[in-house]
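Enquirer: Under the working numbering, the first residue of the sequence shown is numbered 2, with each subsequent residue one higher.
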Amino acid sequence: MSEQIVQVVVGLPVEGPFDYTVPVGVGALRPGMRVRVPFGPRSCLGVVVGTGDRKNAQDLRSVEDILDERPVVDELPLRLCRELAGYYDCSLGEAIEMILPDALRQPRKVDGPAEQFSEPPAPGAIVERELLLFHDPGRSQAWASLLERIKKTVAAGRGVIVLVPEKVLIAGVVKKLEPDFAGRMVELDKRLSSAKELENWFAVKTGRAAIAVGTRSAVFAPFARLGLVVMTEEEHSAYKQEQSPHYHARDVVLLRARLENASAIFVSDVPSAELWWAARKKMLKLVSFEVPPESVWQLIDLTNYNRKKTSVLSVPLQNAITKTIAARGKVLLWLNRKGFSSSTRCQKCGFSLKCPHCDVNLMYSYSKKKMVCRRCRKKSDFPPVCPECRSSYLRSHGIGVEKLESEVARLFPQARVEHFDAESEALPKTFDILIATAAVMKSLAERPFDLIGVVQVDAELNRLDFRGTQRAFAVLTHLRFGARQ
């Protein structure tokens, strides 16, 4: 009698699948079911991707445990994972593990809801498939059109995914959808507790939830009948997964839309170069909304100022700040550099203090009295002497928000000066002048400013990133609509 053979993949960067025998009497295994298998000297999670029979199976190892009664990865997600594995050059096991919630990536059984494997509701009316790029310069006009399409998709019995680049933005989307879809939305995010993430994942899979709202990983929400994916702020760098597999949510959206005959809408006030090019080539439809009235802009060329005798703030900007404060207005000074100074160098031998792991200049944080790597966040004490020549001629250069705050407080002693960065708990409620990094972008709509000064914008152009000019343009565009007209 021939034994059942299953083909299994594991979440490791190794080619597969691998053949295993199935213990007699446990029933037939199907693709998409999780199993625990011996792999090398250890046991690990595997997912069945194929089955077969072989008469001579003496040289094969056996499945140790069957973790699911029915498949947790259905046919369409398996197809998606095969496409992702080929496109991103990762193993099929890595791709499958990537789309599963944390609880299902462990080699153990889970307790899901009783209806976890029930069929989702039957679809209703057919919704025409669309690929759209919403160019919404003011970030305020596209939502009415989005809501109309979301309602049509849900009414047709198909699921909707709404992606945001950062977790803090989820609450705003939920607030907009709550009046029409209360009780039919779930949040999907890797930072949820394992139990809550699994509960919401099963709610999507069984059709109890019609809408999934979340960050990058929510693009894999397991809707049996996906109808629409909305990707807000599609140009944001947070949609790129930095760990292997290195996927980009935008590419996955387009792939799922093709495989599952779903619509995709990308929303941005500064579309990425890729989608803008695709729209010009008629690969997707561009929908442009009305541009709000622009603020008054003034470009200050600091080459006309001697920095040894003047402040980092130009005279025109200082005059504008004075007038705004006198009129009881709010001022934002934007500088996307944390800490007090951006580099420290020995004046004698020229040695620069750098992170031993990342090989980037260490910034000095005055509040922590530490040298900090802006990438890995590793902290160290400020050395009393140069590590290279042992001289005491170490000098800090560059400017961060802490140094800017000190300079502003000196120039405007009558003003209430506060600072805000990614480590701040909340935006200060009372201030005249706010010194802020890019973290303030999420709060511009809630609290517009009367005057916005962008300090050293050239630094955004000089980053070691081929998208530096695109991001600098995006920063200026976002800030443009953060000032009162």
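Each residue gets a CB set at the ideal place from its N, CA and C atoms; glycine is no exception.
What you are looking at is a predicted structure, and each value in this text was computed from that prediction instead of being measured.
Taking aspartate 433 as the reference, which of Ala145, Arg329 and Leu133 has the closest Cα?
Expert: Position 432 of the sequence shown, counted from the start, is the residue given in the question as residue 433. Among Ala145, Arg329 and Leu133, the Cα nearest to that of aspartate 433 belongs to Arg329.
Enquirer: Can you grab the Cα-Cα spacing for the pair serine 353 / serine 342, in whole Å?
Expert: Counting from one through the sequence shown, the residue named residue 353 turns up at place 352. Counting from one through the sequence shown, the residue named residue 342 turns up at place 341. Near 13 Å, if we compare the C-alpha coordinates of serine 342 and serine 353.
Enquirer: Is the region 164–180 close to the region 203–217, with three or more CB pairs under 8 Å?
Expert: yes
Enquirer: Taking glutamine 8 and aspartate 20 to be in contact with their CB atoms under 8 Å, please state how far apart those CB atoms are, rounded to whole angstroms.
Expert: Your numbering for residue 8 matches position 7 in the sequence shown. Your numbering for residue 20 matches position 19 in the sequence shown. The pair is a contact, with the Cβ atoms about 6 Å apart (cut-off 8 Å).
Enquirer: Might you give, ordered along the chain, the residues of its own chain that have their beta carbon closer than 6 Å to the beta carbon of glycine 47, omitting 5 neighbours on each side?
Expert: Taking the first residue of the sequence shown as position 1, residue 47 is located at position 46. Counting only residues of its own chain and dropping the five nearest sequence neighbours on each side, glycine 47 has a CB closer than 6 Å to the CB of Val9, Val11, Val36 and Val38.
Enquirer: Taking 8 Å as the threshold (C-beta atoms), are glutamate 236 and serine 289 in contact?
Expert: Within the sequence shown, residue 289 is the residue found at index 288, counting from 1. Within the sequence shown, residue 236 is the residue found at index 235, counting from 1. Pairing serine 289 with glutamate 236 gives a Cβ-Cβ distance that is not under 8 Å.
Enquirer: Please report the residue range of the beta strand (DSSP E) in which tryptophan 335 lies.
Expert: Sequence index remark: in the sequence shown, residue 335 carries index 334 (1-based). Per DSSP, the unbroken beta strand (DSSP E) holding tryptophan 335 starts and ends at 332–335.
Enquirer: Bridge partners for glutamine 244 per DSSP, in chain order?
Expert: Counted from its first residue, the sequence shown places residue 244 at position 243. DSSP output for glutamine 244 lists no bridge partner at all.
Enquirer: Considering phenylalanine 135, what are the terminal residues of the beta strand (DSSP E) in which it resides?
Expert: Residue numbering aside, residue 135 sits at position 134 when the sequence shown is read from its first letter. Where phenylalanine 135 is concerned, the enclosing beta strand (DSSP E) stretches over 132–136.
Enquirer: Taking all protein chains shown into account, do 16 or more other C-beta atoms lie within 10 angstroms of the C-beta of cysteine 267, making it buried, or fewer, making it exposed?
Expert: Position 266 of the sequence shown, counted from the start, is the residue given in the question as residue 267. Looking at the sequence itself, residue 267 is phenylalanine, so the reference to cysteine does not match. Buried: at least 16 other Cβ atoms inside 10 Å.
Enquirer: Among all the DSSP beta bridges, which residues are the ones paired with proline 39?
Expert: Counting from one through the sequence shown, the residue named residue 39 turns up at place 38. Looking at the DSSP output, proline 39 shares a beta bridge with Ser44.
Enquirer: Does the beta-carbon distance from alanine 157 to glycine 228 come in below 8 Å?
Expert: Residue 157 sits at position 156 when you count from the first residue of the sequence shown. Residue 228 sits at position 227 when you count from the first residue of the sequence shown. Yes, these two residues count as a Cβ contact at 8 Å.
Enquirer: When burial is assigned at 16 or more other CB atoms within 10 Å of the CB, is cysteine 374 buried or exposed?
Expert: By one-based count along the sequence shown, residue 374 stands at place 373. A buried status is given to cysteine 374, since no fewer than 16 other beta-carbon atoms sit within 10 Å of its beta-carbon.
Enquirer: CB-CB under 8 Å to arginine 62, same chain, minus the five flanking residues each way: which ones, in chain order?
Expert: Position 61 of the sequence shown, counted from the start, is the residue given in the question as residue 62. Taken in chain order, the residues that qualify are Tyr21, Thr22, Val38 and Pro39.
Enquirer: Return helix, strand or coil for lysine 286, following the three-state DSSP convention.
Expert: On the sequence shown, position 285 is the one that residue 286 refers to. In the structure shown, lysine 286 sits in a strand (DSSP, three-state: E or B).
Enquirer: Below 7 Å CB to CB, which residues in the same chain sit around arginine 185 once its five sequence neighbours on both sides are set aside?
Expert: Taking the first residue of the sequence shown as 1, we reach residue 185 at position 184. Counting only Cβ-Cβ distances below 7 Å, and skipping sequence neighbours, we find Ala210, Ala211 and Ile212.
Enquirer: Helix, strand or coil for lysine 206, going by three-state DSSP, please let me know.
Expert: Numbered from its first residue, the sequence shown carries residue 206 at position 205. Note: lysine 206 maps to helix in three-state DSSP.
Enquirer: Compare the beta carbon distance of leucine 260 and arginine 80 with 8 Å and say whether it is the shorter of the two.
Expert: For this step, residue 260 is matched to residue 259 along the sequence shown. For this step, residue 80 is matched to residue 79 along the sequence shown. Contact flag set, yes.
Enquirer: Sort Cys387, Val205, Pro384 and Lys404 by Cα distance to tyrosine 367 and report the nearest one.
Expert: Taking the sequence shown and counting its residues from 1, one reaches residue 367 at position 366. Looking at the Cα atoms, Lys404 is the closest of the given residues.
Enquirer: Just the C-alpha distance for proline 293 and tryptophan 144, rounded to the nearest angstrom, thanks.
Expert: Taking the sequence shown and counting its residues from 1, the one referred to as residue 293 is at position 292. Taking the sequence shown and counting its residues from 1, the one referred to as residue 144 is at position 143. Cα-Cα distance, rounded: 15 Å.
Enquirer: Reducing DSSP to helix, strand and coil, say where phenylalanine 118 ends up.
Expert: As a working mapping, residue 118 is identified with position 117 in the sequence shown. Its pLDDT being 47, under 50, phenylalanine 118 is placed unreliably by the model, and nothing is read from it.
Enquirer: Threshold first: 3 residues or longer. Then list the beta strand (DSSP E) segments lying entirely within the region 158–234, N to C.
Expert: For the region 158–234, whole beta strand (DSSP E) runs of length 3 or above, ordered along the chain, are 160–164, 186–189, 212–215 and 227–233.
Enquirer: Decide if tryptophan 278 is buried, meaning its Cβ has at least 16 other Cβ atoms within 10 Å, or exposed.
Expert: The residue labelled residue 278 in the question sits at position 277 within the sequence shown. Tryptophan 278 should be labelled exposed.
Enquirer: For the alpha helix (DSSP H) that contains cysteine 347, what are its first and last residues?
Expert: As a working mapping, residue 347 is identified with position 346 in the sequence shown. Premise fails: cysteine 347 lies in the beta strand (DSSP E), 344–347, not in any alpha helix (DSSP H).
Enquirer: Just curious, the beta strand (DSSP E) that lysine 371 is in, first and last residue?
Expert: Position 370 of the sequence shown, counted from the first residue, corresponds to residue 371. Where lysine 371 is concerned, the enclosing beta strand (DSSP E) stretches over 371–373.
Enquirer: What would DSSP say about glycine 28, mapped onto helix, strand or coil?
Expert: Here the question's residue 28 lines up with position 27 in the sequence shown. In the structure shown, glycine 28 sits in coil (DSSP, three-state: anything other than H, G, I, E or B).
Enquirer: State buried or exposed for glycine 28, treating a residue as buried only when at least 16 other CB atoms are found within 10 Å of its CB.
Expert: The count along the sequence shown starts at 1 and reaches residue 28 at position 27. Under this definition glycine 28 is an exposed residue.
Enquirer: Looking at aspartate 69 and alanine 1, is the spacing between their C-beta atoms short of 8 Å?
Expert: Since the first residue of the chain shown is 2 and the last is 486, residue 1 is not available in this structure.
Enquirer: Report the three-state DSSP secondary structure of serine 238 (helix, strand or coil).
Expert: Here residue 238 corresponds to residue number 237 of the sequence shown, with the count starting at 1. It is helical.
Enquirer: What is the rounded straight-line gap between the Cα of aspartate 66 and the Cα of alanine 427?
Expert: Within the sequence shown, residue 66 is the residue found at index 65, counting from 1. Within the sequence shown, residue 427 is the residue found at index 426, counting from 1. Each residue's Cα considered, the two are about 48 Å apart.
Enquirer: Thinking proline 223 and cysteine 91 are a contact (beta carbons under 8 Å), I'd like their distance in whole angstroms, please.
Expert: Counting from 1 along the sequence shown, the entry for residue 223 is found at position 222. Counting from 1 along the sequence shown, the entry for residue 91 is found at position 90. Actually they do not touch by this definition, with Cβ atoms about 20 Å apart.
Enquirer: Does the separation of the CB atoms of valine 332 and leucine 435 fall below 8 Å?
Expert: Translated into the one-based positions of the sequence shown, residue 332 becomes position 331. Translated into the one-based positions of the sequence shown, residue 435 becomes position 434. The answer is yes: Cβ separation under 8 Å.
Enquirer: So is proline 385 buried or exposed if we call it buried at 16+ other beta carbons inside 10 Å?
Expert: Locating residue 385 in the sequence shown gives position 384, where the first residue counts as 1. So proline 385 ends up on the exposed side.
Enquirer: If we count the other Cβ atoms within 10 Å of its Cβ and call it buried at 16 or more, is valine 25 buried or exposed?
Expert: Along the sequence shown, read from residue 1 onward, the residue named residue 25 stands at position 24. Valine 25 is exposed by the Cβ-count criterion.
Enquirer: Going by C-alpha to C-alpha distance, which of Pro102, Gln242 and Gly454 sits closest to serine 194?
Expert: One-based indexing of the sequence shown puts residue 194 at position 193. In this structure, Pro102 is the residue among Pro102, Gln242 and Gly454 with its C-alpha nearest to the C-alpha of serine 194.
Enquirer: Are there 16 or more other CB atoms within 10 angstroms of the CB of histidine 136, so buried, or fewer, so exposed?
Expert: Counting from one through the sequence shown, the residue named residue 136 turns up at place 135. Buried.
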